[in-house]
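Following this line, the structure appears as structure tokens:
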């Protein structure tokens, strides 16, 4: 009887809303699917950027997936939130003699949810395209890992239980016209429960959340 009571108490503790682990699993860390949600960030050079989820009035879709439209300083970006993952619509273009050429255009597997420290995932793409009647080989790899849970303080407030994500991106081009090149970048992002992205860093840039909320009409 004592064992049954102890087990019941343990289950109650595990699945209680006050349990930080359960809260982290059930909370929405990427609320980009709610029209009108907005976030304002300030960089360490005092520049700002404004993100807002806009209504997809025309049912815009790519490859069969209806896009979530997030405006970044009034330029549209496209996202998709599925079961267990978040993807972004990625377009890579190169400028050759003033002409833009698209070498990658697709949904990129960006984040897996729910986030769990120690989890990691990988998105890889490679293709050979015709570029000015010559073959151009292009490959990109995005690797991400959930590295920690941290508290983040910004002008917008204090945020506990933030997941820290490490992203590593490698891009490779092999072309007789453009030559061969390999670039590698990395950055970090922090996501707070019920808020979303609260901080991101790359190179000498450090973007921190200064305000967020919801415009109910989505204007």
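Numbering (my numbering), first residue to last: 14 to 232. The beta carbon of each residue, even a glycine, is placed where N, CA and C say it ideally should be.
For the pair residue 198 and residue 218, the Cα-to-Cα distance works out to about 13 Å. DSSP places residue 167 within a strand segment (E or B) once states are collapsed to three.
With contact defined as three or more Cβ pairs closer than 8 Å, the stretch 86-98 and the stretch 107-117 are not in contact.
Note that the C-beta distance between residue 132 and residue 166 is not below 8 Å. Under the DSSP assignment, residue 219 falls in the beta strand (DSSP E) whose first and last residues are 218-227. Annotated as proximal: residue 85 and residue 62, with beta-carbon spacing under 8 Å. Here residue 205 is bridged, per DSSP, to 209.
Around the beta carbon of residue 202, 16 or more other beta carbons lie within 10 angstroms, which makes this residue buried.
Counting only runs of 3 or more residues that sit fully inside the stretch 107-167, the beta strand (DSSP E) segments are 112-125, 133-144, 147-167, in chain order. Under DSSP, residue 193 forms a beta bridge with 187. Distance check between residue 223 and each of 41, 42, 55 places 55 closest, using alpha-carbon atoms only. Contact annotation: the stretch 114-127 touches the stretch 142-159, with at least three C-beta pairs closer than 8 Å. From the listed residues 77, 81, 124, 150, the smallest Cα separation to residue 192 is found for 150.
Pairing residue 205 with residue 175 gives a Cβ-Cβ distance under 8 Å.
By alpha-carbon distance to residue 208, the top candidate from 189, 185, 195, 169 is 169. When DSSP reads this structure, residue 53 sits in a beta bridge with 63, 224.
For residue 48, no pairing in a beta bridge is given by DSSP. Judged by beta-carbon spacing, residue 67 lies within the 8 Å limit of residue 48, meaning their Cβ atoms are closer than that value. Per the DSSP secondary-structure output, residue 172 pairs in a beta bridge with 165.
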